[in-house]
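In this text, residue positions in the sequence shown follow numbering that gives the first Met the number 0: the first is 0, and each later residue adds one.
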Amino acid sequence: MSAARAIELFSSPAFYISCCLPRCAGHPLAAPGLQGGLWLACTICRTMAAENGLPPPAPPEEPLVVGRPNVLDVEGFLKDITEILSTRLLTNHGPFVVRLERAAAEYLGVAYVVAVANGTIGLELALRALDLAPGAEVLLPSFTFVATAHAVRNAGLKPVFVDVDEATHFPTPEMLARAATNKTRAVVAAHLWGRAGDAASLEAFAAARGWPVVYDSAHAFGARHADGAFCGGRGRAEVFSLHATKLLNSFEGGLVATNDATLAARVISTRNFGFAGQDTIAHGGTNAKLSEPHAALALRHLRCVDATISIYRRVARAYGDALRRRGLIPNLVTYWNEPRLDDERDTHAYVIVRVRPAFGLNRDAVMRALRDRGVHAKRYFFPGVHKQRPFLDCPALDLETTDALNSDILILPTGTVVSAADVERVVAALCDVRDHRRDYAAAPPLAPREFDTSHYAAALRTIGTERDALRVRLAELDRAEAALEKDRAGVVDRATSLCL
Ligand SMILES: Cc1ncc(COP(=O)(O)O)c(C=O)c1O
């Protein structure tokens, strides 16, 4: 874009009104009287003004990373911090938390939103509010971040892992049916990557058995269900993460969204030590409060979340164009986002490719080679929650798709800091890796020692051999016992006959 064109565009009131105001409704810089050019200070507005709708590229020497936080409307946030410090209302359900809860409930179209310290504790509190018996079994996918399983455990419940569908990365009713037992009492499912899974089928299956469903919607703020409603209102609760890496972030934080007044009330008191009134502790609790600065940043980011989502969508589309133009899809990689690039229900909060065998290198070798080129792509959920030490004792049957996904998906950088040129840089790096695949083919797989499970297999084999030997010995003892028993009966018989 030429300088003259940029000045013309930036100073055009028509552009400001059509592009900035609707997307940044509530933005302080959009308030009447404050417009005079100040709006350019907002990253979102600046981004919308860029010719291709994406931000300026990162300097070539800067690595491109997954999960680089969105930091938007810094000026507004600093104003909020000044207010928080001057009022000394730092935490304990202050005005920013109250405003955040109201604004998020209104945006999502749900009755209640409870702000909490992070998504993990939000999930735990939602599960605790179900009042299930300790040790009750909960079906959940292994293909999720470990926080989902920790939350189930921390709520005193037993995780039972199920597989996910290859196309949706969400569990199907058939998968739940295979893992269910007579101790199953609830289901937790995760809407991954900014896309909602098939909640209607899952809930129909669970409802028929009387099981409540709680959603880990950590990735799904702004995503919509099949019926067009925002994630947040399904199941007994949907829990969002506001972690720094998320599309909507507040440094750390979480939101429990629900239409269930009883569940909301329970989460509200549990997050505050179980207090019911001034002096009464009604039940067990913890400290899961969100502080005022955290809430203030979430509110600032919420005000421009529609613009943020449109940037993620543009980045996802730019990846699709570049991957296809350079001939990487469909044969060398599969682009998970591709089938729904035009679907307004997906936020494309994550950009995912699967490395196909035709690439000539496995995912870990590709990841390592990309890193050499300044692209820090990530493997997610590797090696699988069901293979992590704290969950080795949990049932985990038939997780074939989970294992395959854990071994070949690669998450690429996205977000409001990723420009069109950055996307080209990532895809060019992928092509370069493919062109030099012979240099990397011999590289050992990236398997940290703690993820090596071969010693478990060896220990299980030893136990199996010992159990077989004991079974043989037990059979011998049974036979000896039976022989002695027979002898003794003979002696008793003879003695009895002598006495008669
Ligand atoms: C799928 C999933 N669930 C749960 C969480 C936990 O959220 P938090 O980091 O806010 O505790 C995350 C966070 O990254 C996540 O990706």
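Glycine residues also receive a C-beta, built at the ideal position from the N, C-alpha and C atoms.
Beyond the five residues adjoining it in sequence on each side, H300 comes within less than 8 Å, by CB distance, of N69, L71, D72, L247, N248, S249, T307 in the same chain, given in chain order. Per DSSP, the beta-bridge partners of P140 are V161.
Residue pairing by DSSP places H149 in no beta bridge whatsoever.
When C-beta atoms of the region 82-92 are compared with those of the region 209-225, fewer than three pairs fall below 8 Å, so the two segments do not count as touching. Listed in chain order, the non-local C-beta contacts of A146 below 6 Å within the same chain comprise T119, local neighbours out to five positions each way being set aside. Of all residues, those with a beta-carbon under 6 Å from at least one heavy atom of ligand 1 are N117, G118, T119, T143, F144, A146, T147, A189, D215, A217, H218, S240, H242, G253, reported in chain order. Taking C-beta atoms as the reference points, G193 and T167 fail to come closer than 8 Å. Secondary structure at L156: coil, using DSSP grouped into helix, strand and coil. Residues of the same chain with a CB within less than 7 Å of the CB of V422, apart from the 5 flanking positions on each side, are V314, A317, Y318, A321 in chain order.
R270 sits away from V112, with the two beta carbons spaced by 8 Å or more. Listed as beta-bridge partners of H375 by DSSP are V64.
If only uninterrupted beta strand (DSSP E) runs of at least 3 residues are considered, those enclosed by the region 213-272 are 236-240, 253-257.
If you draw a straight line from the Cα of L262 to the Cα of L84, it is about 33 Å long. T257 and G234 have their C-alpha atoms some 8 Å from each other. Here V332 really is in contact with V352; their C-beta atoms are around 4 Å apart, less than 8 Å. Boundaries of the alpha helix (DSSP H) around V304: 304-324. For I351, the enclosing beta strand (DSSP E) has its first and last residue at 350-354. Contact between the region 406-416 and the region 176-190 is absent: fewer than 3 CB-CB pairs across the two stretches fall below 8 Å. Here the alpha carbon of K78 sits roughly 45 Å from the alpha carbon of D363.
Annotation for Y439: L360, A364, A368 place their beta carbon closer than 6 Å to its own, counting only its chain and skipping 5 residues before and after. Contact check for N117 against E237 fails: the beta carbons are separated by 8 Å or more.
The C-alpha of G373 lies about 43 Å from the C-alpha of A185. Per the DSSP secondary-structure output, L409 pairs in a beta bridge with V352.
Leaving aside the five residues that flank M174 on each side, the residues in its chain whose CB is nearer than 6 Å to its CB run, in chain order, V161, D162.
Bridge partners of N286 according to DSSP: N271. If you draw a 10 Å sphere on the C-beta of T143, you find 16 or more other C-beta atoms in it, and that means buried. Taken atom to atom, the span from the alpha-carbon of G489 to that of A482 is near 11 Å.
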